[in-house]
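Below is one structure, written out as structure tokens; comments come after it.
Protein chains in written order, with the numbering used here: chain L, 37 to 413; chain E, 1448 to 2303.
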């Protein structure tokens, strides 16, 4: 679950941030527009596949989120994140038929990050594009999501190829879905706040067998491991007073997967709408309500780049299912400083599940530590 | 050591001597200052205009090209938009941004050409930072991206035309009205950006495609490439018809084209300064002559030669500084008009300058001041040396200088002859470097000026003989007076002569040019009615005719034949080249050839087979041989080398162009658009009536320029005349400077002679006779200047027509000798001289006789 409201600010920042000192420059001053009129996630609707693999342009925001832990044969570990975001510029009723193939009422942007644990390196990049002229987009059949040459494409039912290159890092992976789509919340309807409309449609593919190459500075490493995909769309998910969230996607070696999140409020408390899902090896799910699980930070890390203080290391307990896990980041520095600053990193897991010792890997996302997601946006 | 205070104090006293002289001779001082002021102002005005035009071009380019190092260009119809997507999807490691651009006008924006720049905001940031900075809300970009016709313009442009966000605009693009609106304003980051953005309308690339009708096409893809290796690697990936070019190739070629035009203006302005230098020399000489006695006395008192020299030079320095500063003020005023004229010409002939307001080029002002001071001090150096070198005793003798001058006349004439020869030798150097050519020209003109004293003496001898017979004593006296004061009169005559000869030379050149163009138009404009799309500017004639227009023309009653033309700019290894492709089966017979590989029919047969015709200016610019040359163009299917069948005269463009057979063009370029059409009517059909009918029929289809042959010619000549407007203005200014020179010389001479004239009046010369004497003298001087200006002007016109014009613009002109410029010049010279004599004569006659005698 990654609710990133007000994406347009990122866009504005991106347009200014990366250019070297210009000779001629200016600042755009233009009126703001009423952004109401988008479809809202107000009730449970059955999700259908492959249709819902594709985009839902009537909702304002949508993302396809891939994370994964990969190893070379000799044990060099890599973590990766590849996310494509979509944002609608106009509500459906205000869209007009345009003659130009470049005319867009949808924009896309993407984040690509690689944690090279062996070298202690972390690289992150960001891109923007219009959902037109074939430059960026998403489709259900055959499933594909792309922004220029950063792309995920279905090559066979349940199998996709993920490719991305940025300067010295590159990724080329084949991902095979072992469990099929897992519906989060109430059959895919995931409430984030008290208002009925503050919700999203959300499903995951929690166990994607991954194989391919990671390229760093021209050297290609054959790798294999597990990836996780989230796909979520909504119009207004966050409620007032929510400053950020801690999100966990964990994959255990006994075939169990676990999604958990806590929505943090400005006053330091956790919002009661936080929830989770335990996905058993056979693909059956157990919903977890706030209170049925606990997440306790065991340490903290201060980013030397942004100065933000993040929790680092967690103890997770789910008494009802006999889950007790200790999480440690593969490396501390996995902070993305792009249009906004957040920590998204690979973690390793040790612990017990139903009395048996388990190990595993996962991804954790920490937002709102550098600046409140609400106050800042 | 008491030498120190002496050398410090005495010059101060000396400075007072000089200062008091300047104060006590206010007219001389004023005229000297005026002369410098005019000379400097002309140079400053032209320099300001040139610099502004150049800067405006740089800013226009910078505003559009941004930080791109290279760009991918397509044929006349641009690139397929899919190329950009393909490159990005295949993974392009360097920044790349698609661009759709065009020139548009809008009545709400003053109707001046503006650059519509269509960009993709997501890829444009590394190139141009216009939408950036701070807390810009996407809401602004939402409209920008999603609303048809959404434009963003600078706050400066909006304020100038009183526009606000939300206001509607009607763009005219290729003769078609397109609705648009102001979706946002760009607040420039600094003053430079404000000026650079002044001519820009920014739109999303989708909007630009829709407004310009370039659906599915891109004009170019901008790139930032780190090195040539990256460029070569990328070039290898491009499909046929897409060419990777360095940005400098395009802007450099354009800069080079206008360089000749600007150098010519600078040279003309320098001529005005040369006239001014003569004037200063004249005034300083006079001031020295008047004070020879005083200098003698000072020398007797122990003032050193160096101090006398310093005194005169410092006087010149003061005058030069004052004149220079005042000249800058006047120059800036004149410059405002000049900027407009220069920009108009550049818009007409070369490219569209969208930037109208550029920062004041401070360099021009400093240059102007220094030039004024340097010219004055240089001109004063000889008189100063003269003043310093005279032995004290001789200096007290009155006629010393004139005796010396009389001896020097022959030497000066010899030096003049040598300078003419040297100038001619420099002109003979085969170079396209205009500085060399103008150095030669200046040599010849100044050489002719140096011949003036000798010529004046000889002519005055004849005039005395003739005058004596016709008018009696006064008729003999006047010419002799001129010769007696030859050191000063000859300089006034020389200054006037130079100014007038420039006038003759330039008039003859422009007249020849005009008549050449008229003859040429008679030959090539064989159609009866011409139809084209009004572009944003004359130099942008590539807007496309609606296909329905051509269909209508073909079926029009009274039309015998329709010739069509596709005019496009295509890229070549030598920069962009204007290509005209037509289907006129007898175009070959209607061109006038500078060099051809056969008869006109054979030439045209070769063109129909795939050869190309190249215009004379282009052939010169590229250094093509008269026969057997080739021209390589980047076609939609890669570079193609065309054999050159002939070189034709073309006065429409100094940039140069080439002609192809339309079918050949369409083989190489996937472009079936047309730019213009020429209708040939059945014999007896009424061109004016058909023009009116066509106008009524076609206006609903497309806003067109439909002109009968006669109107097209008239418009071409109007542009021609507009181009030379600034030349005429400069010519006039040079004459004005010369007039001030003659006035100053006359005033000085007559004042010097007041005692002598007083004696003449005492022995019975009447007021009328005095008037006659003075005016005869000045009239003679003017006449001599006018007579001498005739051969000089003729030589100058030869140089301008056969050397300067050909080297600058590549045009061969037929020199046309007409008497009018000569007659006018003589009249102007005599009239100027007579006018200059009026005030001194009036002053003489008003003066009390006894006072006049006593005065000295």
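Note that beta-carbon positions come from the ideal geometry of N, C-alpha and C, so glycine has one too.
Sorry if obvious, but does the Cβ on residue i come closer than 8 Å to a heavy atom of the ligand NAD?
i                       : result
residue 1677 of chain E : The ligand NAD is absent from the structure shown, which contains no ligands of any kind.
Any beta carbon of chain E sitting closer than 9 Å to that of residue i?
i                      : result
residue 136 of chain L : yes
residue 406 of chain L : no
residue 185 of chain L : yes
residue 252 of chain L : no
residue 62 of chain L  : yes
residue 203 of chain L : yes
residue 18 of chain L  : Outside the displayed span of chain L (37 to 413) sits residue 18 of chain L, for which this structure offers no information.
residue 141 of chain L : yes
residue 188 of chain L : no
residue 33 of chain L  : It is not possible to answer for residue 33 of chain L, since the shown part of chain L is limited to 37 through 413.
So residue i and residue j are in contact, right, with Cβ under 8 Å, and what is the actual spacing, rounded?
i                       : j                       : result
residue 236 of chain L  : residue 268 of chain L  : 5 Å
residue 212 of chain L  : residue 245 of chain L  : 4 Å
residue 1975 of chain E : residue 2127 of chain E : 6 Å
residue 198 of chain L  : residue 184 of chain L  : Not a contact, Cβ separation roughly 14 Å.
residue 2109 of chain E : residue 1953 of chain E : About 40 Å separates the two Cβ atoms, so there is no contact after all.
Straight-line CA distance for residue i to residue j?
i                       : j                       : result
residue 1568 of chain E : residue 315 of chain L  : 42 Å
residue 1957 of chain E : residue 1673 of chain E : 48 Å
residue 2233 of chain E : residue 2069 of chain E : 41 Å
residue 1864 of chain E : residue 2169 of chain E : 37 Å
residue 2224 of chain E : residue 2294 of chain E : 19 Å
residue 1623 of chain E : residue 220 of chain L  : 55 Å
residue 1473 of chain E : residue 1485 of chain E : 18 Å
residue 2304 of chain E : residue 1515 of chain E : Nothing can be reported for residue 2304 of chain E, as the shown portion of chain E is limited to 1448 through 2303.
residue 2254 of chain E : residue 1790 of chain E : 22 Å
residue 2000 of chain E : residue 95 of chain L   : 53 Å
residue 1962 of chain E : residue 2256 of chain E : 17 Å
residue 1671 of chain E : residue 1680 of chain E : 14 Å
residue 1519 of chain E : residue 2063 of chain E : 29 Å
residue 400 of chain L  : residue 230 of chain L  : 25 Å
residue 265 of chain L  : residue 1574 of chain E : 35 Å
Within 9 Å of any Cβ in chain L, is that where the Cβ of residue i sits?
i                       : result
residue 1524 of chain E : no
residue 1569 of chain E : yes
residue 2332 of chain E : It is not possible to answer for residue 2332 of chain E, since the shown part of chain E is limited to 1448 through 2303.
residue 2175 of chain E : no
residue 1654 of chain E : yes
residue 1594 of chain E : yes
residue 2000 of chain E : no
residue 1516 of chain E : no
residue 1499 of chain E : no
residue 1528 of chain E : yes
residue 1694 of chain E : no
Just verifying my parser: in three-state terms, what is the DSSP assignment at residue i?
i                       : result
residue 1894 of chain E : helix
residue 2085 of chain E : strand
residue 2249 of chain E : helix
residue 1627 of chain E : strand
residue 2029 of chain E : strand
residue 1521 of chain E : coil
residue 1860 of chain E : helix
residue 278 of chain L  : strand
Compute the distance between the beta-carbons of residue i and residue j, then report whether it is under 9 Å.
i                       : j                       : result
residue 103 of chain L  : residue 117 of chain L  : yes
residue 1548 of chain E : residue 1571 of chain E : no
residue 1634 of chain E : residue 1602 of chain E : yes
residue 360 of chain L  : residue 387 of chain L  : yes
residue 2092 of chain E : residue 2048 of chain E : no
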